[in-house]
Every structure is written in C-alpha cells, then in structure tokens.
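Undergrad: Counting with my numbering, you get residues 189 to 429 for the letters of the sequence shown.
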Amino acid sequence: MPDAPSMASFAYYDLREALAQTGCAVCRLLERDGEKFLDALLYEYSADAQTHKAFRAARGLCNRHGWDLTHHVGSALQIAVLYRASLDETLKQFNRGVSPADLLARLVKRFRGEAEAAALQFAEALEPTRPCLACEYHNKAQQAYLHTLAEHLNDSALEKAYQDSDGLCLPHTQMLLRLINDANILQKVITQQRRSWQKVFDQLTLFMDHYRAENADQMMGDEGDSWKRAVAILAGSEGLP
Ligand SMILES: [Zn+2]
Ligand SMILES: [Zn+2]
C-alpha cells in the first residue's frame, strides 16, 4: 500500500515551489499527490497483499476516487484485480448476515419487526470498516502541508513565497487558521488572505463592467477568468475530496 508521503521534509520545499504558481498552493499539491497515489496504487501496489486487505475493508475507493481511477488509461486489469477483491469481501460480508432463505422469508411475512432487524443487519454487514485509501492519503498530506505553513511561515523564504502568491482557498485558510498559535504568523495569514481575496474581488468587478460593455473581448485582461478563480477560492480546486 502506498505510504503517506514523508511529508515533514518535502512539504516545505514543495510548498515554496507551489506558492510560485497560480491558485491555492495546498490545492495544487494535493491534486498532484492524489494523482501520484492512484498511479502508485495501480502500477506498484495492485498485487500487494496489504493493499488488497485495505481495499476489501474499505469496499473499494469512495465515489470520487473510484471514478478517478477509471480515468487512468491502460489500467483496466489492475482495477479489475483490486475491485474483484473488494467485491469478494462485499459478498462475503453480505452472505455472513444471511439467515437461511426460508427462515428469512418466514420472518418477513410474520414479524415486521424481525424483518427490519434482519434488514439492518444486512446494511451493517456491508458497512466499510476503514476509510477510502485515497481519502486517507489526501487527509494526511493536507495536514502535513498545513502544519508546515502554520509552523514555518516565519521562515523568510517561505514567507516571501506566500506573500508573493495568490493566497490559499477558503477551506485551506480555515484549516490553517485552526493550526496557528503564533501571533506573527496569524498576522501574516490575515494580511495575505485579505490582499489576495480583495484582488480577485476587484477583478470580478472589472470583469462584470467589461462583460457588460460592447467591446468586451478587447478589454479583457487578468480579470477574464476571475469568475473561475472565485469558484476555486471559495470551494477549493475542482474534484478535491
Ligand atoms: Zn486550497
Ligand atoms: Zn476517497
């Protein structure tokens, strides 16, 4: 099973690099990590016993990550192997909750309460006993990046990268704020987030003015895609759990 990223050491440098690019750096890194995780799952761990065990317990990946997996070209066999194990486990658990068919039929007919209890038992038996592997990885990586920011934003190189960046999205700003216990760092985060969000707000205003104008095409500058960046700021990057 792919390990959680050895974050502490890499997160700092990854963040410095990602902050120089557009959008929320944490979202950007998590998108990259998510892709890498699914690649590793398919091409390095699809025959690994531990991975199979986890895949069985989690009943496959969550909706989002399961479908992401299907977009990895050339991975049909690996997906079949992993999901066959998950489905095998699902059937096993389902069968375990089954009373003999005739007994069950009798129960359903005679005792509504008994039938409800039996139905609940089936539902419970199908419940995953561990979270989606990719979601788990995502959460660990997310924590590592946010802890690194919360602890190292006083470092001049990281601070400069953050101040020159587009800032973080709303969900990651909230998560970061919940980890901060240093007044200086708090001040820096508030200042930078205010500045970066205000910038997009102003661009939205400009976009709306230009859009309404006759010669909209010629007048669009940086504000042209501000509507999309506003969605990313408030919701985080598309497709992140
Ligand atoms: Zn984000
Ligand atoms: Zn997931």
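Backbone N, C-alpha and C fix where the C-beta goes; we use that ideal spot for every residue, glycine too.
Predicted, not measured: the structure shown is a model, and the values here were computed from it.
#1: Can you tell me which of the three DSSP states R366 falls into?
#2: Give a yes or no on whether the C-beta atoms belonging to R318 and E277 are separated by under 8 Å.
#3: Return yes when the Cβ of Q351 is within less than 8 Å of the Cβ of Q380, no when it is not.
#4: Where K224 and I267 are concerned, what is the direct C-alpha to C-alpha distance, given to the nearest angstrom?
#5: Starting from the C-beta of H253, find all residues in its chain whose C-beta is less than 6 Å away, skip the five residues before and the five after it, and write them out in chain order.
#6: Let's test the definition: count the other Cβ atoms within 10 Å of the Cβ of H259 and tell me whether it reaches 16, buried, or not, exposed.
#7: I want to see whether chain B comes within less than 8 Å of S414, judged by CB atoms only; does it?
#8: Could you give the distance in angstroms between the alpha-carbon of P316 and the alpha-carbon of A237?
#9: Contact defined as beta carbons within less than 8 Å: I believe Q330 pairs with V419. What is the distance between those atoms, to the nearest angstrom?
#10: May I ask whether a heavy atom of ligand 2 can be found less than 7 Å away from the beta carbon of A245?
#11: May I have all residues whose beta carbon comes closer than 5 Å to any heavy atom of ligand 2, sorted in chain order?
#12: In terms of residues, what are the limits of the alpha helix (DSSP H) holding C250?
#13: Can you find a heavy atom of ligand 1 that lies under 7 Å from the Cβ of V388?
#14: Taking only three categories from DSSP, how would you classify L230?
#15: Is the beta carbon of V214 within less than 7 Å of some heavy atom of ligand 1?
#16: Please go through the same chain and pick out, in chain order, the residues whose beta-carbon is closer than 6 Å to the beta-carbon of S384, but skip the five residues on each side of it.
#17: Report back the beta-carbon spacing between I269 and A235 to the nearest angstrom; my notes put them in contact at under 8 Å.
#18: DSSP three-state call for V261: helix, strand or coil?
#19: Going by beta carbon distance, what residues of the same chain come within less than 8 Å of A273, once the five residues before and after it are set aside?
#20: Let me check understanding here. Comparing Cα to Cα, which of D390, N372, H326 lies closest to R220?
#21: Is L430 a contact residue of ligand 1, with contact defined as CB to any heavy atom under 7 Å?
#22: Is G222 near ligand 1, in the sense that its beta carbon is under 7 Å from a heavy atom of that ligand?
#23: So which of Y399, L341, A338 has the shortest CA-CA distance to G412?
#24: Report yes if the CB atom of V388 is closer than 8 Å to the CB atom of S414, and no otherwise.
#25: For S425, verify whether its CB is less than 7 Å away from any heavy atom of ligand 1.
TA: Let me spell this out:
#1: coil
#2: no
#3: yes
#4: 16 Å
#5: C320, A322
#6: exposed
#7: The chain labelled as chain B is not found in the depicted structure, where only one protein chain is given.
#8: 18 Å
#9: In fact, because the Cβ distance is near 20 Å, the residues do not count as touching under 8 Å.
#10: no
#11: C250, H253, C320, A322, C323
#12: C250 -> no alpha helix (DSSP H), and no H or E assigned at all.
#13: no
#14: helix
#15: yes
#16: D354, G355
#17: The residue asked about is misnamed: residue 269 is Val in this sequence, not Ile. At roughly 7 Å, the Cβ-Cβ gap stays under 8 Å, so V269 and A235 are in contact.
#18: coil
#19: H240, F243, R244
#20: H326
#21: Because the chain here runs from 189 to 429, residue 430 falls outside it and cannot be looked at.
#22: no
#23: Y399
#24: yes
#25: yes
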